[in-house]
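> Below you will find the structure I want to go over with you.
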Amino acid sequence: MSDNQNLLAEQRRALILDEVRRRGGVRVNELTRRLSVSDMTIRRDLDALARQGVIEKVHGGAVPVVEASTHEPGFEAKSTLELSAKEDIARAAASMAVPGSAIALSGGTTTFALARHLLDVPGLTVVTNSVRVAEVFHSAQRPTSAGGARAGAAAVVLTGGVRTPSDSLVGPVADRAIDSLHFDVLFLGVHGISVEAGLSTPNLAEAETNRRFVRAARRVVVVADHTKWGTVGLSSFAGLDEVDAFVTDAGVPDAARQEIEEHLPGLVVAGGSPDE
């Protein structure tokens with residue numbers, strides 16, 4: 000790391016996390032020297048990263064948390080992480096939805112955020128295997144005390160299937176439904192994305208359902224915050240060459256951004272500099 004004196008909090012924490020993962024651990028005194036900030040600032044950063052569950056604090060520093068490739072966090076646990084990043088990503092991705100088109104949204108907290116931004120895009124047909132995403136659209140169609148349902152509300156198709164901890168519906172029923180459909184664009188949330196493993200998930204059934212989504216789409220847009228880059232789940236379901244665009248947030252470190260751009264020409268970095 001070079002002189003990063005003017006880095007804002009989320010940028011600084013992204014750099015710290017990248018360094019922890021790359022080196023297998025860091026010490027507080029090294030980070031204070033390299034980032035030109037106080038010991039107290041670094042300790043606050045490490046506390047924040049530890050609360051997100053991505054590092055483990057040890058005496059004098061931190062080491063990475065190595066999750067099992069089969070670990071699948073629930074929707075509620077994930078919904079509290081990287082909120083501003085997900086909003087930036089959702090806002091940018093929503094601009095890629097063409098009025099009157101057929102789109103698909105996979106499960107996940109980022110696609111859930113995206114669904115709210117798609118409510119004002121008229122004439123959409125939305126296919127999703129996410130109970131949470133479907134509820135966003137269904138709620139917008141219900142009459143309210145202030146008047147009727149939202150004009151131009153999307154037509155929503157919710158696949159059947161077996162519910163995962165992320166509130167996605169997967170398995171043979173979902174797979175058969177998706178196989179019979181064709182989408183202009185798929186907005187795909189992922190557990191992990193990397194050069195070696197491509198797109199991956201800890202859930203084997205979800206991997207197969209996502210594989211069907213990718214095959215059915217003319218254009219695949221991955222929506223994932225910067226913490227997903229370099230994460231690998233149990234099962235890969237698509238290669239990076241099958242991705243047309245990757246929408247992430249400004250928290251992605253420069254080194255990771257360069258690596259992503261080498262393999263994903265359709266990189267979109269949403270939002271400006273992260274806030275303190």
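Counting in numbering that gives the first Met the number 0, the sequence shown runs from 0 upward without gaps.
Backbone N, C-alpha and C fix where the C-beta goes; we use that ideal spot for every residue, glycine too.
1. Using DSSP's beta-bridge definition, name the partner residues of R21.
2. Along the chain, which unbroken stretches of the beta strand (DSSP E) at least 3 residues long are found entirely within the segment 96-138?
3. Give me the Cα-Cα distance between G170 and E29, rounded to the nearest whole angstrom.
4. Label E18 either buried or exposed according to how many other C-beta atoms from any shown protein chain fall within 10 Å of its C-beta, with 16 as the threshold for buried.
5. For R26, name the three-state secondary structure that DSSP assigns.
6. Could you compute how far the alpha carbon of L48 sits from the alpha carbon of G106?
7. Assign P171 to one of three DSSP states: helix, strand, or coil.
8. Can you tell me which of the three DSSP states R218 falls into?
9. R11 by DSSP, collapsed to three states: which one?
10. Span of the beta strand (DSSP E) holding A248?
11. How would you call V97, buried or exposed, if buried means at least 16 neighbouring beta carbons within 10 angstroms?
12. From what residue to what residue does the alpha helix (DSSP H) around E358 run?
The short version:
1. On the sequence shown, residue 21 is found 22 positions in, with the first residue counted as 1. Its beta-bridge partners do not exist; DSSP assigns none.
2. Taking only runs of at least 3 residues, the beta strand (DSSP E) segments lying wholly in the segment 96-138 are 101-104 and 124-127.
3. Residue 170 sits at position 171 when you count from the first residue of the sequence shown. Residue 29 sits at position 30 when you count from the first residue of the sequence shown. Just so you know, the alpha carbons of G170 and E29 end up roughly 48 Å apart.
4. Reading the sequence shown from its first residue, position 19 is the one you call residue 18. So E18 counts as buried.
5. The residue you call residue 26 lines up with position 27 of the sequence shown. Per DSSP, reduced to three states, the secondary structure at R26 is strand.
6. Translated into positions along the sequence shown, residue 48 becomes position 49. Translated into positions along the sequence shown, residue 106 becomes position 107. Whole-angstrom Cα-Cα distance: 24 Å.
7. On the sequence shown, position 172 is the one that residue 171 refers to. Three-state result, P171: helix.
8. Looking up residue 218 in the sequence shown gives position 219. Coil.
9. As a working mapping, residue 11 is identified with position 12 in the sequence shown. Under the three-state reduction of DSSP output, R11 falls in the helix class.
10. For the purposes of this step, residue 248 is taken as the residue at position 249 of the sequence shown. Note that residue 248 is Asp in the sequence shown here, rather than Ala. Where D248 is concerned, the enclosing beta strand (DSSP E) starts and stops at A244 to D248.
11. Position 98 of the sequence shown, counting from 1, holds the residue named residue 97. Its Cβ having fewer than 16 others within 10 Å, V97 is exposed.
12. Residue 358 falls outside the range modelled here, since the chain spans only 0 to 275, and no answer is possible.
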